[in-house]
Amino acid sequence: MTRVRRMDLFDGLPDPLSSGVDVPVFQDGSAKVISSGNAIHVTGETSAEPAVARKRSLQPEEAKSEVASGVDNHTAKKFRCGAQGSAMKGYVMEIQGERDDMEDFHCLVDTIDDSRISAHPDICSAAFYAVFDGHAGRRASRFASENFLNYFLSSFAARVGNADLDASITSCLTKCYKAMDEAFLSKASAQPPLKDGTTATTILIVNNKAYVANVGDSKAVLCRYDKNTNSHKAVPLTVDHSPDKYEERIRIQQQGGRVKEGRINGILEVSRSLGDLPHKKGTGLICTPSIQKCPITEDDKFMVIACDGLWKSLTPAEAIDLVVEFIKDCDEAEVDTRFNAACSKLVKEAVTRLSGDNVTVLLVRICPPPSR
Numbered sequence: 001m002t003r004v005r006r007m008d009l010f011d012g013l014p015d016p017l018s019s020g021v022d023v024p025v026f027q028d029g030s031a032k033v034i035s036s037g038n039a040i041h042v043t044g045e046t047s048a049e050p051a052v053a054r055k056r057s058l059q060p061e062e063a064k065s066e067v068a069s070g071v072d073n074h075t076a077k078k079f080r081c082g083a084q085g086s087a088m089k090g091y092v093m094e095i096q097g098e099r100d101d102m103e104d105f106h107c108l109v110d111t112i113d114d115s116r117i118s119a120h121p122d123i124c125s126a127a128f129y130a131v132f133d134g135h136a137g138r139r140a141s142r143f144a145s146e147n148f149l150n151y152f153l154s155s156f157a158a159r160v161g162n163a164d165l166d167a168s169i170t171s172c173l174t175k176c177y178k179a180m181d182e183a184f185l186s187k188a189s190a191q192p193p194l195k196d197g198t199t200a201t202t203i204l205i206v207n208n209k210a211y212v213a214n215v216g217d218s219k220a221v222l223c224r225y226d227k228n229t230n231s232h233k234a235v236p237l238t239v240d241h242s243p244d245k246y247e248e249r250i251r252i253q254q255q256g257g258r259v260k261e262g263r264i265n266g267i268l269e270v271s272r273s274l275g276d277l278p279h280k281k282g283t284g285l286i287c288t289p290s291i292q293k294c295p296i297t298e299d300d301k302f303m304v305i306a307c308d309g310l311w312k313s314l315t316p317a318e319a320i321d322l323v324v325e326f327i328k329d330c331d332e333a334e335v336d337t338r339f340n341a342a343c344s345k346l347v348k349e350a351v352t353r354l355s356g357d358n359v360t361v362l363l364v365r366i367c368p369p370p371s372r
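Note that UniProt numbering numbers the sequence shown so that position 219 is 219, with each residue one more than the last.
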């Protein structure tokens, strides 16, 4: 049985639309809560305070040392936005909840300025966002957050001459998930008992198309405006991988595993993951991602990427409606404040609805192309 601590779950969480959205850095060296939106932002480090919410944006010089992926920030070619690509801006909030440890990590890169992708003649803009929800430890989720983008870029660079951009990206994403899994399992085998595992939801946005890959149950949802009904719709971008699903259950059974109480062998509640060394052989647990391609239109407003700590408490439609309520009728000067506040509110709402889990919410604002 997991031991939990009693605490003030809202401790350290800024109130929506208050002056507390941007608060000073903690003086004890723990996680910072500052404005979001810098180009590179990779984190998941937790403070000693169990319920502290974190929204940390790295400064450019800090980012270069922090991002283990080695993203090149100084390529000669600068990406263009406009007719061929909408700009993206990410905002993130996390809270540890009642868990003993913070096992969520994420990656936020508003602009990938790296020659391994910018060299492709058909790419004018690229961004990357990901949420990794760890279990049985935090090492798999941290490893994925620090290395996923670098693995992908290296794989993509080897195919830069391929004329089919769609095929190259989807192939590289599948290979990247496999490579990440193998790399961590190799590490786990050398350091027993390294049994950590993680879900993964990754979104690569190239030009005006989102390539969404996932394993596990961390969801991504797109907010799309419907002119016919004058309303905003929640468009699912991911596929939940649960042992209870018929296709997943059949595969698990065919590969030697069994489903008990909705879990693989009564233990794992996801049927696909990265890591999980003790369960990767003879149980049907795999790392093959589901991949969706979604063209981004002028009616698309934002995306919500979050771990199951949010989705066990809110439906996709509820999450979309909450954010829309926060950002409606706001001008450009206050849009960052509104999105930050919406991010905070989503996390707070999950806690209010008795989610005792780690909760990570990453909002991605789809900025309209500049007018000419």
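In this text, a Cβ means the ideal position worked out from N, Cα and C, and glycines have one as well.
For the beta strand (DSSP E) that contains residue i, what are its first and last residues?
i: T290; result: The sequence given here has Ser at residue 290, not Thr. Segment S290 to P295, the beta strand (DSSP E) holding S290.
i: C343; result: Counting along the chain, C343 falls outside any beta strand (DSSP E), though it belongs to the alpha helix (DSSP H) covering V335 to T352.
i: residue 412; result: Residue 412 is absent from the model: the chain starts at 1 and stops at 372.
i: P236; result: S231 to P236
i: A87; result: A87 to I95
i: V364; result: V359 to C367
i: G257; result: That residue, G257, is in no beta strand (DSSP E); it is neither H nor E in DSSP.
i: G134; result: A126 to H135
i: V270; result: Run containing V270: none; DSSP gives neither H nor E here.
i: D300; result: D300 to A306
i: K219; result: K219 to D226
i: K209; result: K209 to V215
i: T201; result: A200 to V206
Distance check for residue j and residue i, CA to CA, integer angstroms please.
i: A157; j: C367; result: 27 Å
i: S87; j: A319; result: Checking the sequence shown, residue 87 turns out to be Ala, not Ser. Each residue's Cα considered, the two are about 22 Å apart.
i: S35; j: G90; result: Unreliable placement is indicated for S35, whose pLDDT of 29 sits below 50; the coordinate value is still reported in the next sentence. Computed Cα separation, rounded: 11 Å.
i: A126; j: D113; result: 8 Å
i: V160; j: L194; result: 36 Å
i: L274; j: R251; result: 17 Å
i: K227; j: E298; result: 11 Å
i: E334; j: V364; result: 16 Å
i: D72; j: L149; result: For D72, the predicted structure reports a pLDDT of 36, less than 50, and the residue's modelled location is therefore unreliable. A value from the coordinates is still provided. So the two alpha carbons sit approximately 11 Å from each other.
i: T198; j: F132; result: 6 Å
i: residue 373; j: I203; result: The question about residue 373 has no answer here: the residues shown for the chain are numbered 1 through 372.
i: D196; j: N230; result: 45 Å
i: G216; j: C124; result: 31 Å
i: P295; j: N147; result: 26 Å
Measuring alpha carbon to alpha carbon, tell me which of the options ends up nearest residue i.
i: M303; options: V324, A140, I291 and G284; result: V324
i: C172; options: N358, P289, T352 and G137; result: P289
i: K219; options: T337, I117, Y177 and A317; result: A317
i: K328; options: G309, I291, D308 and K301; result: K301
i: E182; options: C294, E103, R365 and D276; result: D276
i: S141; options: M102, N162 and R365; result: M102
i: G257; options: S242, K281, A234 and L237; result: K281
i: F128; options: D104, N208 and F184; result: N208
i: R249; options: P236, V239, T238 and I264; result: I264
i: R272; options: S186, A179, I305 and A200; result: A200
i: G284; options: V270, P295 and P192; result: V270
i: I169; options: L222, S186 and Y151; result: Y151
i: A163; options: K187, S145, D122 and V235; result: D122
i: S155; options: G137, E332, D321 and S115; result: S115
i: H120; options: V109, L165 and E98; result: L165
Would you call residue i buried or exposed, if buried means 16 or more other Cβ atoms sit within 10 Å of its Cβ?
i: L354; result: exposed
i: D28; result: Confidence at D28 is low in this model, with a pLDDT of 31, below 50, so the placement of that residue should be treated as unreliable; the coordinate-derived value is given next. Exposed is the call here.
i: Q96; result: buried
i: A83; result: At A83, the pLDDT of 36 sits below 50, so the modelled position is not reliable and the matter cannot be decided from this model.
i: A167; result: exposed
i: E349; result: buried
i: K260; result: exposed
i: D100; result: exposed
i: K293; result: exposed
i: A190; result: exposed
i: S313; result: buried
i: Y246; result: exposed
i: D244; result: exposed
i: E332; result: exposed
i: V21; result: Interpretation of V21 is limited by its pLDDT of 32, a score under 50 that renders its predicted location unreliable; no figure is taken from the coordinates.
i: S57; result: Since pLDDT at S57 reaches only 36, below the 50 mark, its modelled position is unreliable, and the value read off the structure follows with that caveat. The residue in question, S57, is buried, as its Cβ has 16 or more Cβ neighbours within 10 Å.
i: G266; result: exposed
i: G262; result: exposed
i: S315; result: First, the amino acid is wrong: residue 315 is Thr here, not Ser. Exposed: under 16 other Cβ atoms inside 10 Å.
i: S186; result: exposed
Along the alpha helix (DSSP H) that carries residue i, what are the first and last residues, could you check?
i: S154; result: R139 to A157
i: K187; result: L165 to A190
i: V323; result: P316 to I327
i: I117; result: S115 to S118
Would you grab the beta carbon distance between residue i and residue j for me? Rounded to a whole angstrom, and I think it's under 8 Å.
i: V92; j: C330; result: Actually they are not in contact, since the Cβ atoms of V92 and C330 sit about 19 Å apart, beyond 8 Å.
i: I291; j: A179; result: Between A179 and I291 the Cβ distance is about 15 Å, and since that is not below 8 Å, they are no contact.
i: A104; j: T360; result: Rather than Ala, the amino acid found at residue 104 in this sequence is Asp. That pair is a contact at about 4 Å.
i: A136; j: C107; result: Rounded, the Cβ-Cβ distance is 21 Å, inconsistent with contact.
i: L222; j: A306; result: Between A306 and L222 the Cβ distance is about 13 Å, and since that is not below 8 Å, they are no contact.
i: L153; j: I117; result: 6 Å
At least one CB of chain C closer than 7 Å to the CB of residue i: is that the case?
i: N208; result: Reference to chain C is not applicable here, since this structure consists of a single protein chain.
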